[in-house]
Amino acid sequence: MDYINELLLQKRYDEVFSCIYSLIEEKKATKELYPILFKLAKIGYHFQVYDILTNLSIPGKMEKRIIENEIKNEQKYMLLNDYQKEIYDDAIWRISEEIKNKAYITAYMYASYAYSITGMPEMLYYKGKALFKMKDNFNARNVFLEYIKVGSERVNKAYIFLHSISIKVHSKTMANYYKKEMDKLEYLYQSNFDYKDIEYHLRFYKKEY
363 MDYINELLLQ
373 KRYDEVFSCI
383 YSLIEEKKAT
393 KELYPILFKL
403 AKIGYHFQVY
413 DILTNLSIPG
423 KMEKRIIENE
433 IKNEQKYMLL
443 NDYQKEIYDD
453 AIWRISEEIK
463 NKAYITAYMY
473 ASYAYSITGM
483 PEMLYYKGKA
493 LFKMKDNFNA
503 RNVFLEYIKV
513 GSERVNKAYI
523 FLHSISIKVH
533 SKTMANYYKK
543 EMDKLEYLYQ
553 SNFDYKDIEY
563 HLRFYKKEY
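Letter by letter, the sequence shown follows residues 363 to 571 of the working numbering.
Now the structure itself:
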């Protein structure tokens, strides 16, 4: 997989796909292929990645769902009209600023409004994050669980919030479950996030409790 990753870095996409299809044909494909497919989906190779996922017979139900969601969500964004895109893009920036300023109710309102206008799943993540910051653990948990079913880019972070919520409400069983789910996804998000020290990441969220 290192060779394919190197081709990916060099943007030699035709060769990347040629190697992937060879691995599948020779039945040498492993779960390490998922991070590569995730990256390819993010840069727009939707049809090719979806076709590969359809014909891929290796374990990874959750990984497949996340990558398929990435494709669906990107295509959904492209189908938004200019007004909807403006609402969505503006909300991303405003929510970030409001959370930075600890205006969590306002952040929640922006996320809720943008979701009602666009239906983009990422707004569910931001709704959950705002609720978490407001210490509304029950509703935050429900929103994050909803997001995990349809989200992609921030599913890893949603699990971190769920893990933290479970600890706060003294649910050791669920905390352990979410920790296991986080561990399963470590390699998929390896280029964006590192899970080796969960408490290291949680402390960033704990700062604003």
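Glycine included, each C-beta is placed from N, C-alpha and C at the ideal position.
Delimiting residues of the alpha helix (DSSP H) encompassing residue i
i: Y607; result: The first residue shown for the chain is 363 and the last is 571, placing residue 607 beyond what the model contains.
i: Q372; result: Careful: Q372 lies outside any alpha helix (DSSP H) and carries neither H nor E.
i: E448; result: D444 to K462
i: A391; result: Run containing A391: none; DSSP gives neither H nor E here.
i: L493; result: E484 to K495
Three-state secondary structure assigned by DSSP to residue i
i: N435; result: helix
i: R516; result: coil
i: N554; result: At N554 the pLDDT is 46, less than 50, meaning the model places this residue with poor confidence; the figure from the coordinates comes in the next sentence. Correct three-state label for N554: coil.
i: A502; result: helix
i: Y407; result: coil
i: I420; result: coil
i: K530; result: helix
i: E548; result: coil
i: L441; result: coil
i: M536; result: helix
Residue i versus residue j: straight-line alpha-carbon distance, rounded
i: I398; j: V505; result: 28 Å
i: A537; j: H525; result: 5 Å
i: E508; j: Y477; result: 13 Å
i: Q372; j: I366; result: 10 Å
i: I496; j: Y521; result: Strictly speaking, residue 496 in this sequence is Met, with Ile absent from that position. M496 and Y521: Cα-Cα distance of roughly 18 Å.
i: T416; j: K393; result: 14 Å
i: T480; j: E548; result: 30 Å
i: R456; j: Y539; result: 33 Å
i: I467; j: G406; result: 34 Å
i: Q377; j: L418; result: The question names Gln, yet the displayed sequence has Glu at residue 377. Looking at the two C-alpha atoms, the distance is approximately 19 Å.
i: L493; j: R503; result: 9 Å
i: G513; j: I429; result: 9 Å
i: D498; j: P483; result: 20 Å
i: F379; j: E388; result: 14 Å
i: V531; j: K541; result: 15 Å
i: K519; j: D413; result: 27 Å
i: M485; j: M544; result: 21 Å
i: L369; j: V517; result: 27 Å
i: A403; j: K489; result: 25 Å
i: K511; j: N431; result: 9 Å
i: Y375; j: A391; result: 18 Å
Proximity test, Cβ basis, 8 Å: residue i and chain D
i: Q372; result: This model lacks chain D altogether; it includes just one protein chain.
Check your understanding: Should the region 437-449 be called in touch with the region 419-427, which here means at least 3 C-beta pairs below 8 Å?
Key -> Result no; under three Cβ-Cβ pairs closer than 8 Å.
Review point. Touching or not, the region 466-477 and the region 424-441, by the rule of three or more beta carbon pairs under 8 Å?
Key: These segments do not touch.
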